[in-house]
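Contents: one structure, followed by commentary.
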Amino acid sequence: MSEEIRRLSEELARDPSSLVFLQLGEALRRAGQLDLGLKVAHRGLERHAHNADAHDLLARIRVDRGELQDAFDEWDMVLRLAPNHVGACKGMGYVLFKQGKLPEAESHLSTAATHDRDDASIATALRMVRRLLRYAHVASNGNGTPGHAELLAAQRRVEEEARLLFADILGDGEHTALLLNSDGLVAAGLYVTADGEDVSQEVGAALTGVRDEAVRAVRHLDLGAWKAVMYETDLAIVALAPAIDESMVLVAAGRSVPLGFVRRVLERCVQRATAWLEEVA
Amino acid sequence: MSASQFEGVLSLLIRQRGVLGCLVVGEADGIVVDSNVQVGVQSNVVAALAAALYRKARLCSAAAGLSTVGFLQLEAERGHICAIGRDGLVLVTLAEPRAHIGRIRGAMLESLGALA
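Protein chains in written order, with the numbering used here: chain A, 23 to 303; chain B, 7 to 122.
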């Protein structure tokens, strides 16, 4: 049990009617202790049945448990209590997206984006849904609401576009590029090791931490926005740069590639990623 | 600053165009071991943040299978942070946007031996 969870548990034990169960439930959710988190959320709701954030907590735990419809119903309750609740709009958009109901997902995510323009994850999700919708309509030749087959075709097209986004910039060179979203998940590109293994997600997740430290450093030293981080390792040169919606482009090249060339490739990849993301507003 | 074993390295770096300060920092704790900085540079803050950035890059690179980190450069709108580490110490340079990073990199690579 982490120190934070222990502290919050003790606080809740001292005052069972306090709202600290919201923090405790969230801490348990983040720690992956979903059964315990669920119990805490339910007990909290027994005392605070009309608290929108309590229902939101329960919905997020439900999603993590894979109980999408239960989560949706819980967020529906949140919106009855707090009609402009951004978390509920975002969550319902996510569930509808996972259920393939793209027009409804787009509607909820649009509402969430209207109320919180600074949340990069909402903007990213909205762009993805709108791109899929656009391609699904193309696949159905504009005849009515796209069906399952058209959605699958759209999904394949997006995946193919994303995989090949930097292909012509990189050519057959000894370098690779990824576009990572604000959560460090791979949005486009490919990172393949010398023995052919795709390690894009692993590399992306690992290197997102460098971005976070860079942002912290420039903020505290008043250096303005960060433009790039480049570093050399025994095996590679790694270059990172920000793109829109708090996403990040990563270029990795072999040690034989000149630093200046890596920098130019990075700049071109950022331009490409920005143009691709901005295709759908 | 005091005449430490790093004085020569720091004197070499601070003479580079656009360099505002250079420091030798403990990578694990971000504490200044020695420094040569211009007036107004908060050496303790630079040391802590640069060491954290370098340490994170080293750990993340290891996790990503990219081996040991050498020279690192953070470029921002109003300046650069350069860092290179060895044996638990990090040599850090804070520089203005006009600084010649190629020269600073060369000087820092040459100075790496002094960290041993």
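Heads up, the beta-carbon is just placed ideally off N, CA and C, and yes, glycines get one too.
Computed from a predicted structure; not experimentally measured.
What residues of chain B sit near Met252/A, judged by a beta carbon separation below 9 Å?
-> Position 230 of the first sequence holds residue 252/A. Within 9 Å Cβ-Cβ: Phe77, Leu78, Gln79, Leu80, Glu81.
Apart from the five residues just before and just after Val62/A, which ones in its own chain have a Cβ nearer than 7 Å to its Cβ?
-> If you number the first sequence from 1, residue 62/A lands on position 40. The residues are Phe43, Leu46, Gly47, Leu50.
Flag this pair as yes or no: are the beta carbons of Leu95/B and Cys88/B separated by less than 8 Å?
-> Counting from one through the second sequence, the residue named residue 95/B turns up at place 89. Counting from one through the second sequence, the residue named residue 88/B turns up at place 82. Taking 8 Å as the Cβ cut-off, Leu95/B and Cys88/B do not qualify as a contacting pair.
Would you say Val100/A and Ala81/A are within 8 Å of each other, going by their C-beta atoms?
-> Walking along the first sequence from the start, residue 100/A turns up at place 78. Walking along the first sequence from the start, residue 81/A turns up at place 59. Taking the C-beta atoms as reference points, Ala81/A is found nearer than 8 Å to Val100/A.
Scan the region 80–156 of chain A and note each continuous alpha helix (DSSP H) run of 4 residues or more that stays entirely inside, going in chain order.
-> Complete alpha helix (DSSP H) runs here, min 4: 90–103, 108–120, 124–137.
Which of helix, strand or coil DSSP assigns to Tyr60/B = In the second sequence, counting from the first residue as 1, residue 60/B sits at position 54. It is helical.
Contact the region 272–287 of chain A vs the region 185–204 of chain A: 3+ CB pairs below 8 Å | yes
Beta-bridge partners of Cys28/B, as assigned by DSSP | Working through the second sequence from its first residue, we reach residue 28/B at position 22. BP columns for Cys28/B point to Asn42/B, Thr99/B.
According to DSSP, is Gly85/B helix, strand or coil?
-> Numbered from 1 along the second sequence, position 79 holds the residue referred to as residue 85/B. Assigned with DSSP and collapsed to three states, Gly85/B falls in strand.
Compute the beta-carbon to beta-carbon distance between Val260/A and Ser73/B, rounded to the nearest angstrom, for a pair I have assumed lies under 8 Å.
-> Sequence index remark: in the first sequence, residue 260/A carries index 238 (1-based). Sequence index remark: in the second sequence, residue 73/B carries index 67 (1-based). That pair is no contact at about 11 Å.
Check whether the Cβ of Ala227/A sits closer than 7 Å to any heavy atom of the ligand SAH, and report yes or no.
-> For the structure depicted, the ligand SAH is absent and the ligand set is empty, with no information on it obtainable.
Neighbour list for Leu59/B in chain A, Cβ cutoff strictly below 9 Å | Start at 1 with the first residue of the second sequence, and residue 59/B comes out as number 53. Correct list: Val232, Glu235, Ala236, Arg238, Ala239, Val251.
Sorted by chain position, which residues of the same chain lie with C-beta nearer than 6 Å to Lys112/A's C-beta, five sequence neighbours on each side aside?
-> Counted from its first residue, the first sequence places residue 112/A at position 90. Only Ala134, Ile144 meet the Cβ criterion.
With DSSP run on the structure shown, which of helix, strand or coil describes Thr255/A?
-> On the first sequence, residue 255/A is found 233 positions in, with the first residue counted as 1. Residue state, collapsed to three classes: strand.
Which residue from Arg84/B, Cys28/B, Leu118/B puts its Cα closest to that of Gly91/B?
-> Mapped onto the second sequence, residue 91/B falls at position 85. Nearest of Arg84/B, Cys28/B, Leu118/B to Gly91/B, Cα basis: Leu118/B.
What does a CB cutoff of less than 7 Å around Glu196/A pick up in its chain, not counting 5 residues either side in sequence?
-> Taking the first residue of the first sequence as 1, we reach residue 196/A at position 174. Within the same chain, Glu196/A has close Cβ partners Ala275, Gly276, Ser278, Val279.
Would you give the residue range spanned by the beta strand (DSSP E) that Asp216/A belongs to?
-> In the first sequence, counting from the first residue as 1, residue 216/A sits at position 194. Before going on, a small fix: residue 216/A reads as Ala here, not Asp. For Ala216/A, no beta strand (DSSP E) run applies, since DSSP gives it neither H nor E.
Taking Cβ positions, are Ala176/A and Leu154/A nearer each other than 8 Å?
-> Taking the first residue of the first sequence as 1, we reach residue 176/A at position 154. Taking the first residue of the first sequence as 1, we reach residue 154/A at position 132. It is a contact, given that the beta carbons lie within the stated cut-off.
Give the interface partners of Leu229/A over in chain B, defined as CB-CB distance under 9 Å, in chain order.
-> Here residue 229/A corresponds to residue number 207 of the first sequence, with the count starting at 1. The contacting residues are Ala63, Cys66, Ser67, Ala69, Ala70, Leu72.
Residues bridged to Asp220/A (per DSSP) | Numbered from 1 along the first sequence, position 198 holds the residue referred to as residue 220/A. Val214/A, per the DSSP bridge assignment.
Just tell me which of Thr215/A, Ala250/A, Ser132/A has its CA closest to the CA of Gly71/B.
-> Counting from 1 along the second sequence, the entry for residue 71/B is found at position 65. When only C-alpha atoms are compared, the closest one is Thr215/A.
What are the start and end residues of the alpha helix (DSSP H) that includes His197/A?
-> Counted from its first residue, the first sequence places residue 197/A at position 175. DSSP places His197/A in no alpha helix (DSSP H) but in the uninterrupted beta strand (DSSP E) bounded by 197–202.
Determine the extent of the beta strand (DSSP E) in which Leu272/A is found, giving its start and end residues.
-> Within the first sequence, residue 272/A is the residue found at index 250, counting from 1. Leu272/A -> beta strand (DSSP E) spans 270–276.
Can a CB atom of chain A be found closer than 8 Å to the CB of Ala56/B?
-> The sequence position of residue 56/B within the second sequence is 50, counting from 1. True, the Cβ-Cβ gap to chain A drops below 8 Å.
Length of the line joining the Cα atoms of Ala53/A and Arg84/B | In the first sequence, the residue the question calls residue 53/A occupies position 31. In the second sequence, the residue the question calls residue 84/B occupies position 78. Cα to Cα, the separation comes out at about 38 Å.
Ile90/B in three-state terms, based on DSSP = Residue 90/B sits at position 84 when you count from the first residue of the second sequence. It is a strand residue.
For Glu38/A, which of Arg87/A, Glu68/A, Tyr253/A, Leu60/A has the nearest alpha-carbon?
-> On the first sequence, residue 38/A is found 16 positions in, with the first residue counted as 1. Reading off the sequence shown, one finds Pro at residue 38/A, where the question assumed Glu. Measuring from the Cα of Pro38/A, the nearest candidate turns out to be Glu68/A.
Does DSSP put Ala1/B in a helix, a strand or coil?
-> Outside the shown range of chain B, which is 7 to 122, sits residue 1/B, and nothing can be said about it.
What number of angstroms, rounded off, separates the C-alpha of Asp35/B from the C-alpha of Glu254/A?
-> Residue 35/B sits at position 29 when you count from the first residue of the second sequence. Residue 254/A sits at position 232 when you count from the first residue of the first sequence. Cα to Cα, Asp35/B sits roughly 23 Å from Glu254/A.
Counting contacts by CB-CB distance shorter than 8 Å, is Ile87/B in contact with chain A?
-> Position 81 of the second sequence, counting from 1, holds the residue named residue 87/B. Yes - at least one Cβ of chain A is within 8 Å of the one on Ile87/B.
Compare the C-alpha of Tyr157/A against each of Asp141/A, Leu124/A, Ser204/A and name the closest.
-> The sequence position of residue 157/A within the first sequence is 135, counting from 1. Nearest of Asp141/A, Leu124/A, Ser204/A to Tyr157/A, Cα basis: Leu124/A.
For the alpha helix (DSSP H) holding Val287/A, just list the boundary residues, first then last.
-> Here residue 287/A is taken as the residue at index 265 of the first sequence, counted from 1. Looking at the DSSP string, the run of the alpha helix (DSSP H) that includes Val287/A is 281–300.
Taking one C-beta from the region 103–110 of chain B and one from the region 22–32 of chain B each time, how about it: are there three or more such pairs within less than 8 Å?
-> yes
Boundaries (first-last residue) of the alpha helix (DSSP H) holding Val15/B = The residue you call residue 15/B lines up with position 9 of the second sequence. From DSSP, the alpha helix (DSSP H) with Val15/B extends over 13–20.
Same chain, Cβ closer than 7 Å to Thr99/B, five either side skipped, listed in chain order = Here residue 99/B corresponds to residue number 93 of the second sequence, with the count starting at 1. Only Leu19, Val25, Cys28, Cys88, Ile110, Met114 meet the Cβ criterion.
Would you please state the rounded distance, in angstroms, between the beta carbons of Leu200/A and Ser222/A? I believe it to be under 8 Å.
-> Looking up residue 200/A in the first sequence gives position 178. Looking up residue 222/A in the first sequence gives position 200. Confirmed, Cβ separation roughly 6 Å.
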